[in-house]
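Residue numbers (the numbering used here), protein chains in the order written: chain S, 78 to 191; chain F, 50 to 162.
Worksheet: the structure to be examined is printed underneath.
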Amino acid sequence: SQTIHQWPATLVQPVGSPLSLECTVEGTSNPNLYWYRQAAGRGLQLLFYSVGIGQISSEVPQNLSASRPQDRQFILSSKKLLLSDSGFYLCAWSVRGRRNYGYTFGSGTRLTVV
Amino acid sequence: AQTVTQSQPEMSVQEAETVTLSCTYDTSESDYYLFWYKQPPSRQMILVIRQEAYKQQNATENRFSVNFQKAAKSFSLKISDSQLGDAAMYFCAYPNQGGKLIFGQGTELSVKP
Numbered sequence: 078s079q080t081i082h083q084w085p086a087t088l089v090q091p092v093g094s095p096l097s098l099e100c101t102v103e104g105t106s107n108p109n110l111y112w113y114r115q116a117a118g119r120g121l122q123l124l125f126y127s128v129g130i131g132q133i134s135s136e137v138p139q140n141l142s143a144s145r146p147q148d149r150q151f152i153l154s155s156k157k158l159l160l161s162d163s164g165f166y167l168c169a170w171s172v173r174g175r176r177n178y179g180y181t182f183g184s185g186t187r188l189t190v191v
Numbered sequence: 050a051q052t053v054t055q056s057q058p059e060m061s062v063q064e065a066e067t068v069t070l071s072c073t074y075d076t077s078e079s080d081y082y083l084f085w086y087k088q089p090p091s092r093q094m095i096l097v098i099r100q101e102a103y104k105q106q107n108a109t110e111n112r113f114s115v116n117f118q119k120a121a122k123s124f125s126l127k128i129s130d131s132q133l134g135d136a137a138m139y140f141c142a143y144p145n146q147g148g149k150l151i152f153g154q155g156t157e158l159s160v161k162p
């Protein structure tokens, strides 16, 4: 069966510090991978998505970047965090070319920038 | 533009009663899929139900069912016999042709005992 792992679960970082959030998927190959951010109490904003190794599409200009060094690994990074980067970050995967399968989400990372 | 709209930021239902959450969407596609996701206080996103646009029959999963009106581009979620564990944020979502899952703004459902 397929599983998705996301860590850490909680992170408190000072302004100006770097960030690295990691997401890995098991039990499937060639997944589409996504990073979403959810501001306090509301909707999800797509930050990045990837259809393959090294292929990253950015949805919004921001202080963050993403990388996909391996087929089932997706990393969200920042060189210098801003207060506005605080939020809940969710990684997700979907079967490439099969929209009907839905998207499976990780358990999320709560990031607080202080 | 492909959009998903949930016009009810908050809803409340009495335990054991029925509640309907509304969702409208906009797409030029004729064949597509729609989803409802549940996000409980743990914030884990859980797929509740899916609908295939080419199927006229409304999807049903136990106490959850949808009212899919393709011409009106409406996709509402009905929860029957509401339980305390149904309290959560509910998101309507549409995966576009590019593979991006577009979410509505969410409806926060509270269940009163």
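Don't be surprised by glycine CBs; every beta carbon is placed ideally from N, CA and C.
Using a Cβ-Cβ cut-off of 8 Å, state whether R145 of chain S counts as contacting chain F.
Reading the first sequence from its first residue, position 68 is the one you call residue 145 of chain S. Not one beta carbon of chain F lies nearer than 8 Å to the beta carbon of R145 of chain S.
Who are R149 of chain S's beta bridge partners in DSSP?
For this step, residue 149 of chain S is matched to residue 72 along the first sequence. Answer by DSSP bridge pairing: none, since R149 of chain S is not bridged.
Assigned exposure category for T109 of chain F - 16 Cβ within 10 Å defines buried:
Residue 109 of chain F sits at position 60 when you count from the first residue of the second sequence. Around the CB of T109 of chain F, fewer than 16 other CB atoms lie within 10 Å, so the residue is classed as exposed.
Report buried or exposed for A143 of chain S, applying the criterion of at least 16 other Cβ atoms within 10 angstroms of its Cβ.
Looking up residue 143 of chain S in the first sequence gives position 66. Around the C-beta of A143 of chain S, 16 or more other C-beta atoms lie within 10 Å, and the residue is accordingly described as buried.
For chain S, is any of its Cβ atoms less than 8 Å away from the one on Q106 of chain F?
Here residue 106 of chain F is taken as the residue at index 57 of the second sequence, counted from 1. No, because no Cβ of chain S sits closer than 8 Å to the Cβ of Q106 of chain F.
Does N109 of chain S get closer than 8 Å to chain F when you measure Cβ to Cβ?
Residue mapping note: residue 109 of chain S aligns to position 32 of the first sequence, counting from 1. At least one chain F Cβ lies under 8 Å of N109 of chain S.
If you drop the 5 nearest sequence neighbours on each side, which residues of the same chain put their C-beta closer than 8 Å to that of N107 of chain F?
For the purposes of this step, residue 107 of chain F is taken as the residue at position 58 of the second sequence. The beta carbon of N107 of chain F sits closer than 8 Å to those of Q100, S114, V115, N116 and F117, all from its chain and outside the five residues before and after it, given in chain order.
Indicate whether at least one CB of chain S lies closer than 8 Å to the CB of K87 of chain F.
Taking the first residue of the second sequence as 1, we reach residue 87 of chain F at position 38. K87 of chain F has a beta carbon lying at 8 Å or more from every beta carbon in chain S.
Quick one, are the C-beta atoms of Q83 of chain S and S184 of chain S less than 8 Å apart?
Here the question's residue 83 of chain S lines up with position 6 in the first sequence. Here the question's residue 184 of chain S lines up with position 107 in the first sequence. Yes, they are a contact pair.
Name, please, each residue of chain S whose Cβ falls closer than 7 Å to the Cβ of P90 of chain F.
On the second sequence, residue 90 of chain F is found 41 positions in, with the first residue counted as 1. Within chain S, no residue comes near P90 of chain F; the closest Cβ sits about 11 Å away, beyond 7 Å.
Once the 5 residues before and after Q150 of chain S are set aside, which same chain residues still bring their CB inside 6 Å of it?
Here the question's residue 150 of chain S lines up with position 73 in the first sequence. Non-local C-beta neighbours of Q150 of chain S in its own chain, meaning closer than 6 Å and more than five positions away in sequence, comprise T101, ordered along the chain.
Would you mind stating whether S77 of chain F and Q57 of chain F have Cβ atoms separated by less than 8 Å?
For the purposes of this step, residue 77 of chain F is identified with residue 28 of the second sequence, where counting begins at 1. For the purposes of this step, residue 57 of chain F is identified with residue 8 of the second sequence, where counting begins at 1. Taking a C-beta distance under 8 Å as the contact criterion, S77 of chain F and Q57 of chain F do not qualify as a contact pair.
Taking P144 of chain F as the reference, give the member of F:Y81, F:E59 and F:K161 with the closest Cα.
Sequence index remark: in the second sequence, residue 144 of chain F carries index 95 (1-based). Nearest option by C-alpha distance: F:Y81.
Within this structure, are the beta carbons of L158 of chain S and Y166 of chain S separated by less than 8 Å?
Start at 1 with the first residue of the first sequence, and residue 158 of chain S comes out as number 81. Start at 1 with the first residue of the first sequence, and residue 166 of chain S comes out as number 89. No, the Cβ-Cβ distance between L158 of chain S and Y166 of chain S is not below 8 Å.
With DSSP as the reference, identify every bridge partner of S142 of chain S, one or two as the case may be.
Position 65 of the first sequence, counted from the start, is the residue given in the question as residue 142 of chain S. S:S154.
Please confirm if the segment 145-152 of chain F is in contact with the segment 121-134 of chain F, defined as three or more CB-CB distances below 8 Å between the two stretches.
In short, these stretches do not touch, since the Cβ pair count stays below three.
Pull up the DSSP beta-bridge partners for C168 of chain S, would you.
As a position in the first sequence, residue 168 of chain S is number 91, starting the count at 1. In the DSSP secondary-structure assignment, C168 of chain S is bridged to S:W112.
What separation, rounded to the nearest whole angstrom, lies between the Cα atoms of Y111 of chain S and N177 of chain S?
Translated into the one-based positions of the first sequence, residue 111 of chain S becomes position 34. Translated into the one-based positions of the first sequence, residue 177 of chain S becomes position 100. Y111 of chain S and N177 of chain S have their C-alpha atoms some 17 Å from each other.
State the DSSP-derived secondary structure class of G134 of chain F, mapped to helix, strand or coil.
As a position in the second sequence, residue 134 of chain F is number 85, starting the count at 1. Three-state result, G134 of chain F: helix.
Pairwise C-alpha distance: L160 of chain S and V53 of chain F
Start at 1 with the first residue of the second sequence, and residue 53 of chain F comes out as number 4. Start at 1 with the first residue of the first sequence, and residue 160 of chain S comes out as number 83. The straight-line gap from Cα to Cα measures roughly 29 Å.
Three-state class that DSSP yields for D80 of chain F in the structure shown:
In the second sequence, counting from the first residue as 1, residue 80 of chain F sits at position 31. Three-state DSSP puts D80 of chain F in coil, outside helix and strand.
Please state if the CB of Y126 of chain S and the CB of K149 of chain F are separated by a distance shorter than 8 Å.
The residue labelled residue 149 of chain F in the question sits at position 100 within the second sequence. The residue labelled residue 126 of chain S in the question sits at position 49 within the first sequence. In this structure, Y126 of chain S lies closer than 8 Å to K149 of chain F by Cβ.
List, in order along the chain, the chain F residues whose C-beta lies closer than 7 Å to that of S171 of chain S?
The residue given as residue 171 of chain S occupies position 94 in the first sequence. Chain F residues near S171 of chain S: G148.
Decide if S79 of chain F is buried, meaning its Cβ has at least 16 other Cβ atoms within 10 Å, or exposed.
By 1-based counting over the second sequence, the position of residue 79 of chain F is 30. Looking at its Cβ environment, which holds fewer than 16 other Cβ atoms inside 10 Å, S79 of chain F is exposed.
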